Amino acid sequence: MKKKSTKSNSPILDGTIPHQINSPSFKNANIEMQEPFINEHGVVIGDSFYDSENSPLNNWSDDVDPAIMAGDQWVHPTNDIGWNTSENKELIEGNIPPQGVPFMHSTKDVSYSKD
4 MKKKSTKSNS PILDGTIPHQ INSPSFKNAN IEMQEPFINE HGVVIGDSFY
54 DSENSPLNNW SDDVDPAIMA GDQWVHPTND IGWNTSENKE LIEGNIPPQG
104 VPFMHSTKDV SYSKD
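Heads up, the sequence shown is in our numbering, so the first residue is 4 and it goes up one at a time.
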């Protein structure tokens, strides 16, 4: 008898994202990890592969407006490089609800070398 495959496309393993060495553990946090989703453009967000067939990055040309990739529909709530900063890791590991506007980013690339 063949075993049924239980392979998942989710990067989540026991409340963690193990492929990101600096990511915080959500295992005992009051924020539940969320599965990848497909945004309004048909692009999978949060699977950590970054290779959706419909992604503007895979169909780039001079006619593609980069602004199409702006907005919350391009950011995963729990599988985002921003969680790897020390400040955000403290929020997760201390069960402190974020107080700021979601996905606030400064003018500097604060996620550089955090994955």
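Cβ atoms here follow ideal geometry from the backbone N, Cα and C, with glycine treated the same way.
Here the structure is a predicted model, which means the values were calculated and not measured.
- By the Cβ neighbour-count rule, S116 is exposed, with fewer than 16 other Cβ atoms within 10 Å of its own.
- Only residues of its own chain outside the window of five on either side were considered, and among them P39, H79, N82 have a CB closer than 6 Å to the CB of G49, listed in chain order.
- Under the rule that a run must span 4 or more residues, the alpha helix (DSSP H) segments found entirely inside the segment 62–102 read 89–96.
- Contact between N61 and D54 holds: CB atoms are separated by about 7 Å, below the 8 Å threshold.
- Burial of P27 is indicated by the presence of at least 16 other C-beta atoms within 10 angstroms of its C-beta.
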